[in-house]
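First comes the structure, then the notes that go with it.
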Amino acid sequence: MSLPKAVYEELEKVVGSRNISDKEYVLAGNRAQTPEIPVRHRSADAIVLPGSTEEVAEIVRICRRHGVRYVGTVSGGIPTAYATEENTILIHFKRMNRILEINEKDRYAVVEPGVRHVQLYPEVRKRGLSYTAAAVGPGGSVLVNIACTGGDHHNQYGSSRPTRYLLGVEMVTPEGEILRTGSLEAGAGWFCPESAGPSLRGIVKGYSGNAGHIGIVTKCAIALDRCKGPAATRTEGVSPHSRIYMDDECSRVYVFNYSSIQDVGRAMLALGESEVGATVQKYFYLPLSLMMTSSANEFWEKWDGFRKAFPMPLVVHLAPHSVREREYEEKILFDVVRETGGVRLPRELERWWEEHMDYFMIVSRLQSVLRLGGSWLPIKTGGESVRHLCDIGDSIREFIHDFTDTGKIFDAPQNYQIIPMEYGHFASFELLFMWDRTDPNSFRYMQEFCAASRETDLKHHAHSMTAGGYGRAGEALGRLYCDCHLWAGRIRHSFDPDFDPDA
Amino acid sequence: MSDLNRFRYTMESCNHCGQCKWILPHRMSGWDFAEVCPIHSHFGFDAYSGQGLINIAREVMEGRLERTDELAAMVQTCAGCGACDVNCKSVRDMEVLETIFELRRDLAETGHLPDACRRMAENVSAGRDPFGVPQAERFSWLPEDFREDPEADVALFAGCSAARDPAPVLAAMKILKAGGVPFRLMTEDERCCGAALWRSGQQSAAEKLVRHNADAFHRAGIRTVVTVCGECFGAFRSIYPRFGETEFRSVHISQIAADLILQGRLSFRRDLPPLTVTWHDPCMLGRLSEEYVPWEGEIRSYGLHVPEKHWNRGEFGVYREPRDVLAAIPGVETREMTRRMEEAWCCGYWSGLADPECAAATAGERVREARAAGAEVVVTSCPFCKTALSGGTDPLPVVDLAVLIAGRLA
Ligand SMILES: Cc1cc2nc3c(=O)[nH]c(=O)nc-3n(C[C@H](O)[C@H](O)[C@H](O)COP(=O)(O)OP(=O)(O)OC[C@H]3O[C@@H](n4cnc5c(N)ncnc54)[C@H](O)[C@@H]3O)c2cc1C
Ligand code: SF4
Ligand code: SF4
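Residue numbers (the numbering used here), protein chains in the order written: chain A, 17 to 519; chain B, 627 to 1036.
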């Protein structure tokens, strides 16, 4: 179905004829079935490329007047970035891609939705700053990742979760009103997410983002950290075998293997108490193996060896300011590892990390989890205490073997990560699994696996674990399961009287 | 005949990550110069990108998108530069560019082809090169006193562009002579390398040229073909093996020059004014010049290719030698652009067959990048890049590498 001509023309007046299209081949670029879901994305009726907040507001008002739905999209890397119903347009932020400000003194950057990590990251590094990086790859939107979707990042150990990095927000409400939050609303700048009264930041971002539910975010400020590394990372080589150079004296990676997740947890807590390390994480062994190989075939050749060599790797990156500080940190690290029963892995593996040890680069390579066909899902993406998450890690064996031993999912039962943050006060969890999309039953297996995981979470009172789906699936689990969709519906209703929260 | 189905695995594996549109992190330098796909940058819609085009290919294959002339024109805006392919393959096992070329072939074979592309094949059938120069005039630029070495098993392949601008080939001849490399010219038998036809989807027309040239090399006992044009070089490496034509080895003039310099067989003048240049990697000399290795087999669960497949990921293009040569010329200082080597931004020339405005914007963007790198002159080794980059409203001087080398020989 296409948009009524009159609506198309109204939109065209706002963005200009170059920046709107309803041609079938243009729409085809944003409706492909992606490998993680067995159904095709519905086609949008048109795609618009606005150039400013005002244009977005105008588009939203036109849509509202004519009862047309809209979905915001940048890279479209996750399935919610597509049309789901008829009579929908995509608002694509390719043209809204300015970095509006990098404030070195107050340490924040203001971006539009189209700015990608690969653009912002080097700009802030030039200024001795950094921010936590998502594994979404170079083309992921910074704003969407920090304000709209996405959960935890891989280098939060010395900092905190991305939710805390969201500062002032400018958004267009479903009524087409431009709303500003925090200090921004008071005309005081971007630096503060809150003003008096309840925090809108929680509503905009919440735990993992509202995926555009409340409105279209057109600008946001994100907090920046001081960066311990150089202003630009020195690299050598040609993709896919490029490597980086860090100052060996002040950047070291150590990888230890453990036989029990509880011991890993003890190590994390002990390191956190001493505030040692720039990054500490129990890493997934499957992505690590994929990142260390260059093709699916090479992966298959080496996987058996890898899974035996490091079933439960604890990765510690030290980034001290001086050799003395490094020696001090190493001493504590080795003591902790000795006390908790870790075994250092061969230097060769540590070297691999060091040669890629810019966190942004590492997480960009993490896209290689999609090399095995692209069917994957992160579940149990929750955050709790380190100790509780270790129990969650332990509980995986209660259900996973039914699936791995029968080939219903990829056989990698330890493929989860735990990232402590705020030096161990809190941690995030992610169980990443894959399935064989060429198996006609694979989608059913995937759903069964999610359900089994959910049941186990309920049994162990893992209150914040998401399980690959909100809405009715979650609701059926009762109040212990996250009911954020109900809250989000009610909040949306208050912004958008036309929206029926009970529908 | 085209068979889009061969690329089903690629089409079904795309998860819309967007990596095919943005520079890889090891080359990132900031907000600017972060895009790698010229058509995505120009048009803005995702359809105009590696990801979009493979989605389109899938819909065409599944009969959900109609084959039309308008679609064919849109598909031909793609410069065929392969940046998307290299980026995707940095973390995945997918054949993005091959899928785009197969889509073009499918459209061409079903009668959907922009006029400019069609004209190239018509010219060839009428005994001209794709750009309209009659075969009889192909070597009209050759100096009368030229004497080849009839015993040589090395042929210098002039390429179609010599008829428009012979300077690079004349310069290459001077370099070979100075280095004492015996060579011949295939004045009777040389035809277009076929790249332009092959890349526009006209595979069978290209095949005739491929067979003709390969046969000519064979009959003349040629073992090594030296090219000056990056496009011809890439054709010999990545197109000829598809037709089983692998009897000869192709070498680019930059590789020969680098070798001769290393052996001390080329020396340069030191009295010429200094020059700050930047090297523009032509796609077909760089990331698309890896030797094509055919693969037929089965893709099993979780991406296992049986038998094992050889992947061209853009890692082994001719990147080092042109830079080594430039570094060896006294007074020449090279400044690198952000998008270089496997991440080089294309000149956009081939987009011009379908959309001259897009081509001009692409070339303009490259000139802007060269200027930002601090270059006074762009050096390259592809006549199409030279043409594209020399156009526009505010161009920089563009010099062919062979011409630069020859002009500074002692
Ligand atoms: C392999 C892989 C690994 C990942 N790992 C991580 C990780 O480690 N940590 C993490 O945090 N995330 C991770 N993600 C998820 C990632 O954070 C998000 O996919 C990404 O940030 C979204 O950016 P995008 O450009 O892809 O947005 P899109 O996919 O285009 O959009 C995402 C959602 O936001 C909505 N949206 C888009 N623009 C706006 C806007 N302006 N206003 C309101 N809503 C909008 C869309 O409608 C959609 O619902 C991963 C994703 C992949 C594919
Ligand atoms: S073609 Fe490759 S790089 Fe591009 S979106 Fe698809 S999977 Fe990602
Ligand atoms: S080949 Fe070049 S122009 Fe074509 S889609 Fe890929 S990156 Fe874009």
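Even for Gly, the Cβ is constructed at its ideal location relative to N, Cα and C.
Length at least 4, wholly inside the region 92 to 169 of chain A: the alpha helix (DSSP H) runs in chain order: 133 to 142
Below 7 angstroms on C-beta distance, what does A:Tyr41 contact in chain B? Ala673, Ile682, Leu691, Leu697, Met700
Test: A:Pro394 CB closer than 9 angstroms to a CB of chain B: No, A:Pro394 lies away from the interface with chain B (no Cβ there is under 9 angstroms from its Cβ).
Is the beta carbon of A:Ala99 sitting closer than 9 angstroms to the one on A:Arg85? yes
Strictly by DSSP, which residues pair up with A:Met450? A:Trp392
CB contact flag (A:Pro190, A:Arg460, <9 angstroms): no
Quick one: grab the DSSP three-state call for A:Ser258. coil
For B:Gly1000, which option in B:Cys1008, B:Trp905, B:Ala953, B:His931 has the closest C-alpha, if you only look at C-alpha atoms? B:Trp905
Distance CB(B:Tyr975)-CB(B:Thr1006) smaller than 9 angstroms: No, they are not a contact pair.
Is any beta-carbon of chain A found at less than 9 angstroms from that of B:Gln889? no
In the DSSP assignment, find the unbroken alpha helix (DSSP H) run with B:Leu751 in it and report its ends. Reading off the sequence, residue 751 of chain B comes out as Ser, not Leu. Segment 741 to 751, the alpha helix (DSSP H) holding B:Ser751.
Distance cut-off 8 angstroms: A:His441 Cβ against heavy atoms of ligand 5: Ligand 5 is not part of this structure, which contains only ligand 1, ligand 2 and ligand 3.
At a Cβ cut of 7 angstroms, what residues of the region 906 to 933 of chain B count as close to chain A, listed as they run along the chain? Ser927, Tyr928, Gly929, Leu930, His931
For a cutoff of 9 angstroms on Cβ pairs, would you count A:Lys142 as touching chain B? Yes, because at least one Cβ of chain B sits closer than 9 angstroms to the Cβ of A:Lys142.
Can you give me, in chain order, the residues of the region 82 to 104 of chain A that have a beta carbon less than 7 angstroms from any beta carbon in chain B? When CB distances to chain B are screened at a threshold of 7 angstroms, the residues of the region 82 to 104 of chain A falling below it are Ser91, Gly92, Gly93, in chain order.
In chain A, which residues lie less than 7 angstroms from B:Pro645 when you measure between Cβ atoms? Going by the sequence as given, residue 645 of chain B is Gln instead of Pro. Result: Gly153, Pro154, Gly155, Gln383.
Hey, A:Glu366 and A:Tyr270: beta-carbon distance below 9 angstroms or not? yes
Can A:Ser380 and B:Glu969 be called in contact, C-beta distance under 9 angstroms? no
Which partner residues does A:Lys298 have in the DSSP bridge list? A:Leu330, A:Ile434
Cβ-heavy atom distance, B:Leu723 to ligand 3, below 8 angstroms: Answer for B:Leu723: yes, Cβ within range of ligand 3.
Could you name the residues of chain A that B:Met687 contacts, counting a contact when the two beta carbons are closer than 7 angstroms? Near B:Met687 there are no residues of chain A at all, since even the closest Cβ is about 12 angstroms away, more than 7 angstroms.
Once you ignore the five residues that flank B:Lys800 on each side, which residues in its own chain have a CB closer than 6 angstroms to its CB? Ala1032
Contact list for the region 241 to 260 of chain A against chain B, Cβ threshold 9 angstroms: Going along the region 241 to 260 of chain A in chain order, one finds Ala248, Thr249, Thr251, Glu252, Gly253, Val254, Ser255, Pro256, His257, Ser258, Arg259, Ile260 with a Cβ nearer than 9 angstroms to chain B.
Could you check what DSSP says for B:His738 in three-state terms: helix, strand or coil? It is coil, neither helix nor strand.
Chain-order list of residues whose beta-carbon lies under 6 angstroms from that of B:Leu739 (same chain, five-residue window excluded): Hits under 6 angstroms: Ala698.
Candidates B:Thr703, B:Gly670, B:Lys803, B:Cys743, of which the one nearest A:Arg111 by Cα: B:Gly670
Report the partner residues of B:Leu697 according to the DSSP bridge assignment. For B:Leu697, which the question treats as bridged, DSSP gives no partner whatsoever.
Once DSSP output is grouped into helix, strand and coil, what is the label at B:Val759? In the structure shown, B:Val759 sits in coil (DSSP, three-state: anything other than H, G, I, E or B).
Chain-ordered neighbours of B:Tyr975 on chain A, where CB pairs are closer than 9 angstroms: Correct list: empty, because the minimum Cβ distance to chain A is about 23 angstroms.
May I ask you to report which of helix, strand or coil DSSP gives B:Lys647? coil
Helix, strand or coil at A:Ser444 according to DSSP, with G and I counted as helix: strand
With 9 angstroms set as the bound, which would you pick, yes or no: does the beta-carbon of A:Gly484 sit closer than that to a beta-carbon of chain B? Low confidence applies here, because A:Gly484 scores a pLDDT of 43, under 50, leaving its location unreliable and the question unanswered by this model.
What would DSSP say about A:Gly485, mapped onto helix, strand or coil? Low local confidence applies: a pLDDT of 46 at A:Gly485 is under 50, so the model's placement there is unreliable, with the coordinate-based value given in what follows. In this structure, A:Gly485 counts as coil in the three-state DSSP scheme.
State the DSSP-derived secondary structure class of B:Ile882, mapped to helix, strand or coil. helix
Could you give the residue range of the beta strand (DSSP E) that holds A:Ile277? Per DSSP, A:Ile277 belongs to no beta strand (DSSP E); it is in the alpha helix (DSSP H), 277 to 290.
At the 9 angstroms Cβ level, is A:Lys110 part of the contact set with chain B, yes or no? yes
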